[in-house]
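There are 2 protein chains.
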Amino acid sequence: MANQLNLSIDRSSPVPLYHQVVQGIESAIHTGVLPPGSRLDNEIDLAAQLNLSRPTMRKAMDELVRSGLLVRKRGVGTQVVSSQVRRPLELSSLYDDLSNNGSKPTTDVLSFSHIEADAATREALQLPAGAKVYHFTRLRKVGGKPLALMENWVRDDITPINEAQLAAQGLYGILRNGGVNFRLASQRIGAMVANDYQAPLLDTQPGSALVTMERTAVDDTGRMVETGHHVYRGDSYSFEMTLVQR
Amino acid sequence: MANQLNLSIDRSSPVPLYHQVVQGIESAIHTGVLPPGSRLDNEIDLAAQLNLSRPTMRKAMDELVRSGLLVRKRGVGTQVVSSQVRRPLELSSLYDDLSNNGSKPTTDVLSFSHIEADAATREALQLPAGAKVYHFTRLRKVGGKPLALMENWVRDDITPINEAQLAAQGLYGILRNGGVNFRLASQRIGAMVANDYQAPLLDTQPGSALVTMERTAVDDTGRMVETGHHVYRGDSYSFEMTLVQR
DNA sequence: TATGTTCGCTTGATAGGACATACTGCCTTT
DNA sequence: AAAGGCAGTATGTCCTATCAAGCGAACATA
Chain A
4 MANQLNLSID RSSPVPLYHQ VVQGIESAIH TGVLPPGSRL DNEIDLAAQL NLSRPTMRKA
64 MDELVRSGLL VRKRGVGTQV VSSQVRRPLE LSSLYDDLSN NGSKPTTDVL SFSHIEADAA
124 TREALQLPAG AKVYHFTRLR KVGGKPLALM ENWVRDDITP INEAQLAAQG LYGILRNGGV
184 NFRLASQRIG AMVANDYQAP LLDTQPGSAL VTMERTAVDD TGRMVETGHH VYRGDSYSFE
244 MTLVQR
Chain B
4 MANQLNLSID RSSPVPLYHQ VVQGIESAIH TGVLPPGSRL DNEIDLAAQL NLSRPTMRKA
64 MDELVRSGLL VRKRGVGTQV VSSQVRRPLE LSSLYDDLSN NGSKPTTDVL SFSHIEADAA
124 TREALQLPAG AKVYHFTRLR KVGGKPLALM ENWVRDDITP INEAQLAAQG LYGILRNGGV
184 NFRLASQRIG AMVANDYQAP LLDTQPGSAL VTMERTAVDD TGRMVETGHH VYRGDSYSFE
244 MTLVQR
């Protein structure tokens, strides 16, 4: 059951060794070199094969276990779970997801203003009284079909934002260009039925099902950068994720 | 800015040291000893304070960073993000979540059978033709109010299941008692409107919003153990989670 | 005064070793 | 033949050590 992973480790690369291993094993799984259910060599042998230390090898395998591609059992070994598990939900924007998926999303900016934050927004973004925020609503379409209606509030002390930018790229892209390093986000997913305002914008009927998402994102300095309330057409959008037992 | 974490590490405990540290810092954050935004001492000092090695300290902090309670920046330090972030979504059952929350869920078993798996179920659970599964639908109530309508298919070569068990405890509890160690699950969350079958059961109107969830769970041997399709009342249930940037 | 460089602090990455613990299967014993 | 114990193997935990890299502030220089 000894598996030869034909990985080549480039020690001159700036990519950390453990991460090169992660990528190598990932691609081996996805290309079928490591079929679901197959067992890997033990950690020490693998480390020796790649001329790495065991801690480095373990760190790589830790990531793969965390993301659900591998399963470890003490005293037994490590095996590939299933090639069809998705990566765990990551912090990304709808725009990125659609772009990576080969789609070409477009954005209509329905409203845009730079206003003093109301109490709820100050609470969500932990802003002092009197602070100003950008507030805007956007309609995201794919292939001309409306998919999502998004309302966001963004603190204004990071980077200036204007309507043209929002029409051309995703919000997270703008903020990243503005120097924001996102670290985490809290979100809540639920359901509602389309009201008379939402339905025509999303090209559907009042009373049809919508997926709702509320999200607040935090950057690496601990600042609450952005909060928003999005609704998606229930017949064409759902959240997929993989949960991993710790 | 030196923070005295009044942690006591018990080296005779079977609980791993790094996990004791995780628990200690977690409780320090939740009790307010470490307020949001405060900086921790550097890793080496913390390790010295607790008489631990730096890798052990780091492993503990890794977990806290992964779960979103801490934010690290190279060259700067580590700080507490916010006490109000939730733990990332973990693999748990609705029953467990409700029980841990202090609620007392009850379960009505609406149907129960032990039948040959149809094609879709065999596909989802990766079963051979002719394999049998348990198929049942349940109504979960809290405080007498219906919350979720759940339809599940469970492979039958793990542990016998009967109607009385399902009425008394959660499905995951039964399976765990049967020796199943869950490792991961793929799930998809979406929305629909209640139909004429669902609405009366959930004590709501046809056309009201429902949150839908489809889940397939995998155990530590790579077996697909269970798949199910659940719907929740949209006005009283939503999925909360924290996403962490890797 | 303004700008550029250097230095120290902190986290990031990697190595190698040691012992603990869980699981499996074999072998002994009953 | 069945049950129990034991050894081998693999992962789990923890340690010491060292160098790399990012960041910020102090310092030197123009």
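Residue numbers (the numbering used here), protein chains in the order written: chain A, 4 to 249; chain B, 4 to 249. Here a beta-carbon is modelled for each residue, glycine too, at the ideal position from N, C-alpha and C. These figures come from a predicted structure and were not determined experimentally.
Taking the alpha-carbon of Phe115/B as reference, which of Ala170/B, Arg42/B and Val24/B has the nearest alpha-carbon? Ala170/B
For the candidate residues Asn54/A, Asn184/A, Met195/A and Val214/A, whose alpha-carbon lies nearest to that of Asp13/A? Asn54/A
Who pairs with Thr81/A in a beta bridge, going by DSSP? Arg75/A
Hey, is Val84/A's beta-carbon within less than 8 Å of any beta-carbon in chain B? yes
Same chain, Cβ closer than 7 Å to Arg61/B, five either side skipped, listed in chain order: Glu46
Burial state of Asp222/B (16 or more Cβ within 10 Å): buried
Should Val145/A and Pro108/A be called a contact, given that it needs their Cβ atoms to be closer than 8 Å? yes
Find the residues of chain B that neighbour Thr245/A, judging by a C-beta separation of less than 9 Å, and give them in chain order. Leu187, Ala188, Ser189 and Gln190
Cα-Cα separation, Asp238/A to Ser189/B: 20 Å
Using 8 Å as the limit for Cβ to Cβ distance, is Asn201/B near chain A? Correcting the residue identity first, residue 201/B is Gln in this sequence and not Asn. Not one chain A Cβ lies under 8 Å of Gln201/B.
Is it right to say Glu119/B is buried, meaning 16 or more other beta carbons lie within 10 angstroms of its own, or is it exposed? exposed
Evaluate Ser70/A with the Cβ neighbour count: other Cβ atoms within 10 Å of its Cβ, from every protein chain shown; 16 or more gives buried, anything less gives exposed. buried
Quick one: give me the first and last residue of the beta strand (DSSP E) that Thr59/A is part of. Premise fails: Thr59/A lies in the alpha helix (DSSP H), Arg57 to Arg69, not in any beta strand (DSSP E).
Within 8 Å (strictly less), CB to CB, does Gln248/B reach chain A? At least one CB atom of chain A sits nearer than 8 Å to the CB of Gln248/B.
Give the residues of chain B in contact with Val214/A, contact being defined as C-beta atoms less than 7 Å apart. Gly193 and Ala194
Report the neighbours of Val74/B on chain A: residues whose CB is nearer than 7 Å to its CB, in chain order. What Val74/B touches in chain A: Arg186, Asp223 and Gly225.
Take the Cβ of Ala5/A as the centre, count every other Cβ of all protein chains shown within 10 Å, and call the residue buried at 16 or more, exposed below. Reliability of the predicted coordinates at Ala5/A is poor, the pLDDT of 43 falling under 50, and the value obtained from them is presented with this limitation in mind. Ala5/A counts as exposed, since fewer than 16 other beta carbons sit within 10 angstroms of its beta carbon.
Against chain A, does Gly40/B count as a neighbour if the rule is that its beta carbon must be under 8 Å from one of theirs? At least one chain A Cβ lies under 8 Å of Gly40/B.
By DSSP's criteria, His233/B is part of a beta bridge. Which residues make up the other side? Per DSSP, the beta bridge partners of His233/B are Met153/B and Met216/B.
List the residues of chain B that Phe242/A touches, going by C-beta distances under 9 Å, in chain order. Here the neighbours are Gln190, Arg191, Ile192, Gly193 and Phe242.
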